[in-house]
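Colleague:
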Amino acid sequence: MQNEYRTAATYCNPLPLPDYPRGRASRNKRHGASGFLQDPPADFRETADPSVIWHDGKWYLYPSCAMAYVSDDFVNWRRVRIEPEDCGYAPTVVEHNGRFLLTACGAPLMEADNPLGPFKKIGPLLKPDGAPVAGFNDPMLFADDDGRLYAYWGLGGPGIFGAEMNPNRPDQLITEPRILFSFNPEHVWERYGPSNEDTSKSFVEGPWMVKAAGRYFLTYAAPGTEWRTYGMGAYVSDDGPLGNFRCQTRNPISSQTSGLVRGPGHGCIVRGPGGTLWAFYTCTVCYEHIFERRIGMDPAGIDAGGNLFVLPASDTPQYAPGVKKHPELGNWAGLYCVSLNRKCISGSFAPGRNPIYAADDSMLTWWQPDRNDPTPYIEIDFSGSFDVSAYRIVWKDVGLDYDAGVLPGPIKYRLFLKTAAGNAQNEGWELAVDASGNTADMLIDYGTFTPRHASGARLEITGTPRGITPGVVNFAVFGKSR
1 MQNEYRTAAT YCNPLPLPDY PRGRASRNKR HGASGFLQDP PADFRETADP SVIWHDGKWY
61 LYPSCAMAYV SDDFVNWRRV RIEPEDCGYA PTVVEHNGRF LLTACGAPLM EADNPLGPFK
121 KIGPLLKPDG APVAGFNDPM LFADDDGRLY AYWGLGGPGI FGAEMNPNRP DQLITEPRIL
181 FSFNPEHVWE RYGPSNEDTS KSFVEGPWMV KAAGRYFLTY AAPGTEWRTY GMGAYVSDDG
241 PLGNFRCQTR NPISSQTSGL VRGPGHGCIV RGPGGTLWAF YTCTVCYEHI FERRIGMDPA
301 GIDAGGNLFV LPASDTPQYA PGVKKHPELG NWAGLYCVSL NRKCISGSFA PGRNPIYAAD
361 DSMLTWWQPD RNDPTPYIEI DFSGSFDVSA YRIVWKDVGL DYDAGVLPGP IKYRLFLKTA
421 AGNAQNEGWE LAVDASGNTA DMLIDYGTFT PRHASGARLE ITGTPRGITP GVVNFAVFGK
481 SR
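Residue numbers (my numbering): 1 to 482.
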């Protein structure tokens with residue numbers, strides 16, 4: 001059951017998904033193992049590579065490492081453990097002829113009669129000669145309006161492949177796989193590295209097909225999920241799902257190299273209520289491991305030139321589909337982050353984990369109280385007064401160690417606002433959110449509260465999982481001037 005303070009007509013990136021799963025690489029952790037950025041390696045949580053469908057008025061999100069998440073309102077998500085719960089990186093689900101087909105990196109094709117399964121194995125994807133498809137990674141399944149079915153895949157290597165599937169026996173391809181496009185070093189954003197400096201290689205990956213305005217847009221990600229330059233681009237065809245793709249003139253379609261929501265890559269473009277288009281994407285953390293990632297979403301569309309685009313990655317409250325939007329502001333809810341880079345104080349902090357790190361816009365820094373502090377808190381002065389009504393907390397579970405039984409779980413807290421309604425007893429602090437009874441494991445928490453005029457905010461941590469020291473990667477309060 002969702003807590004009252006998480007009910008809102010808005011959402012905020014990164015998405016506040018409950019029960020973030022354990023990172024797959026940390027399940028088989030080795031000292032100095034490939035991909036770990038800290039030495040010795042630490043456990044971490046991740047989810048990425050979202051595949052989303054909108055079915056019968058509900059959103060179904062299938063990310064890497066944890067399936068599935070369901071939302072009735074595009075704001076509150078609940079975790080539904082399905083079978084299989086984790087079939088591999090980059091799962092993809094499509095509805096076709098009354099059944100739902102599922103596959104993932106290196107996984108067989110599976111089917112179910114509803115979006116939450118259980119999914120039963122059909123078999124590996126086979127070429128027309130009956131041989132299994134090699135290198136079947138980052139797959140995507142696409143059902144066209146005419147009932148025909150297609151598969152796309154590609155993860156680095158020679159490029160993005162596509163082929164048509166037998167609609168009656170979907171594990172059987174009826175056309176030979178062929179490369180639809182490859183890494184092009186002339187596309188600067190595709191070049192490998194944090195500054196796109198390496199022209200010799202790229203991880204062109206994560207294809208996704210969407211049909212819009214009578215055209216076929218095949219999106220893809222590059223240059224690598226660990227880089228801030230990670231983003232998505234699109235090729236377009238007027239000749240069908242497999243034919244004559246050309247790079248559209250507006251590329252990349254999503255890109256952001258700084259802030260909380262950076263590297264908006266590998267994802268999907270989904271049609272939602274009222275025919276609207278929405279982009280779900282992977283965004284990077286990459287502190288403990290290159291696969292430490294989160295998920296975001298923003299509106300997409302087709303511009304006057306016929307190009308697919310995604311609105312810039314947002315990190316402030318946005319209206320969800322079905323909520324009336326401002327004609328000029330679009331999905332933006334009109335709220336600013338009034339706490340960014342403001343003066344911070346805390347009751348204590350661990351060496352090098354100063355309180356200011358909770359108010360910056362980096363996913364790589366955090367405030368951490370001294371582990372012996374029995375009543376940790378942090379205060380932010382807004383340097384002015386604002387009408388505030390929403391907040392976001394991005395936590396870091398310091399000390400996470402699955403093998404030792406130090407597990408993630410609910411963090412309990414209370415949020416106070418500095419208002420003019422205070423008195424001598426509370427020194428102007430008014431309780432806005434009481435999550436001291438929180439029972440939800442929210443690695444990222446977002447909520448709204450009754451609007452108040454305030455000049456500061458105070459976060460008090462009242463309870464943590466056993467063995468976990470709560471780090472605050474981001475403590476943001478959203479509002480506007482009167």
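Glycine residues also receive a C-beta, built at the ideal position from the N, C-alpha and C atoms. What you are looking at is a predicted structure, and each value in this text was computed from that prediction instead of being measured.
Taking buried to mean at least 16 other C-beta atoms within 10 Å of its own C-beta, is S436 buried or exposed?
Modeller: Under this definition S436 is an exposed residue.
Colleague: Does DSSP put V188 in a helix, a strand or coil?
Modeller: Helix at V188.
Colleague: Hey, would you say D49 sits closer than 9 Å to G267, going by beta carbons?
Modeller: Against a cut-off of 9 Å, the Cβ pair of G267 and D49 comes out as a contact.
Colleague: Taking the alpha carbon of R228 as the point to measure from, which residue in P207, W208 and S258 has its own alpha carbon closest?
Modeller: Comparing Cα positions, the closest option is S258.
Colleague: Sorted by chain position, which residues of the same chain lie with C-beta nearer than 8 Å to N114's C-beta, five sequence neighbours on each side aside?
Modeller: Only F100 meet the Cβ criterion.
Colleague: Just mark A404 as buried or exposed, buried being the case when its beta carbon has 16 or more other beta carbons within 10 Å.
Modeller: Exposed.
Colleague: Determine, using beta carbons only, whether C105 and P139 come nearer to each other than 9 Å.
Modeller: Yes.
Colleague: Roughly how many whole angstroms lie between the Cα atoms of D361 and G456?
Modeller: Spanning the two alpha carbons is a distance of roughly 18 Å.
Colleague: Consult DSSP for N423 and reduce its assignment to one of helix, strand or coil.
Modeller: For N423, the predicted structure reports a pLDDT of 46, less than 50, and the residue's modelled location is therefore unreliable. The matter cannot be settled from this model.
Colleague: Answer with buried or exposed for K58, where buried requires no fewer than 16 other C-beta atoms within 10 angstroms of its C-beta.
Modeller: K58 should be labelled exposed.
Colleague: So S389 packs on G479, CB below 8 Å; how close in whole Å?
Modeller: Confirmed, Cβ separation roughly 6 Å.
Colleague: In angstroms with no decimal places, state the Cα-to-Cα distance between A68 and P410.
Modeller: The alpha-carbon atoms of A68 and P410 are separated by roughly 20 Å.
Colleague: On the DSSP bridge list, what partners appear for P299?
Modeller: W278.
Colleague: Going by the beta-carbon positions, is the gap between G233 and N251 smaller than 9 Å?
Modeller: Yes, they are a contact pair.
Colleague: Going by DSSP, name the residue or residues bridged to T448.
Modeller: In the DSSP output, where bridge partners are listed per residue, T448 has A390.
Colleague: Spatial neighbours of T199 within its chain, please: C-beta separation below 7 Å, excluding the five flanking residues on both sides.
Modeller: Hits under 7 Å: P185 and R191.
Colleague: Quick check: L277 and V210, are their CB atoms within less than 9 Å of each other?
Modeller: Cβ distance < 9 Å, so L277 and V210 count as in contact.
Colleague: Using 8 Å as the Cβ pair cut-off and three pairs as the minimum, do the stretch 21-37 and the stretch 275-292 touch?
Modeller: Judged by Cβ distances under 8 Å, the stretch 21-37 makes contact with the stretch 275-292, as three or more pairs qualify.
Colleague: Sort out for me which residues DSSP pairs S346 with in a bridge.
Modeller: BP columns for S346 point to I378.
Colleague: List the whole-angstrom C-beta distance separating L102 from L125, where the pair is believed to meet the contact cut-off of C-beta under 8 Å.
Modeller: Their Cβ separation, rounded to whole angstroms, is 12 Å, which puts L102 and L125 out of contact at 8 Å.
Colleague: According to DSSP, simplified to helix, strand and coil, what is R45?
Modeller: Correct three-state label for R45: strand.
Colleague: Based on the DSSP secondary-structure assignment, which residues constitute the bridge partners of D129?
Modeller: None; D129 has no bridge partner.
Colleague: Using a threshold of 9 Å, state whether the C-beta atoms of I468 and V394 are closer than that.
Modeller: Their beta carbons are not under 9 Å apart, which means I468 does not touch V394 by this criterion.
Colleague: Looking at the unbroken beta strand (DSSP E) that takes in Y150, where does it start and where does it end?
Modeller: That run of the beta strand (DSSP E) goes L149 to W153.
Colleague: On a Cα-Cα basis, can you pick out the residue from G117, D387, D373 and P374 that is closest to Y336?
Modeller: It is D387.
Colleague: Quick check: A313 and V261, are their CB atoms within less than 9 Å of each other?
Modeller: The answer is yes: Cβ separation under 9 Å.
Colleague: Taking C-alpha atoms, which residue in F161, P63 and L431 lies nearest to N244?
Modeller: For N244, the nearest C-alpha among the options comes from F161.
Colleague: Expressed to the nearest angstrom, what Euclidean distance is found between the alpha-carbon atoms of E95 and A143?
Modeller: Those two C-alpha atoms are separated by around 7 Å.
Colleague: Please identify the residue among K418, V310, P128 and C247 whose C-alpha is closest to the C-alpha of R452.
Modeller: The shortest Cα separation from R452 among K418, V310, P128 and C247 belongs to K418.
Colleague: Given a cut-off of 9 Å on the beta-carbon distance, is the pair V310 and P317 in contact?
Modeller: Their beta carbons are not under 9 Å apart, which means V310 does not touch P317 by this criterion.
Colleague: Restricting to Cα atoms, I'd like to know which of V236, D303 and W429 is closest to W208.
Modeller: Nearest C-alpha to W208: V236.
Colleague: Per DSSP, what kind of secondary structure is R371 in: helix, strand or coil?
Modeller: R371: coil per DSSP, three-state reduction.
Colleague: Smallest Cα separation from Y281: which of T47, A134, N307 and D43?
Modeller: Ranking the options by Cα distance to Y281, first place goes to T47.
Colleague: For the beta strand (DSSP E) that W208 lies in, which residues bound it at each end?
Modeller: E205 to A212 is the extent of the beta strand (DSSP E) around W208.
Colleague: Can you check which of these residues, P167, L180 and A151, is closest to P158 by C-alpha distance?
Modeller: Selected option, being the one with the closest Cα: L180.
Colleague: Between P321 and G272, how many whole angstroms is the CB-CB distance? I'm expecting something under 8 Å.
Modeller: Indeed they touch by this definition, with Cβ atoms about 5 Å apart.
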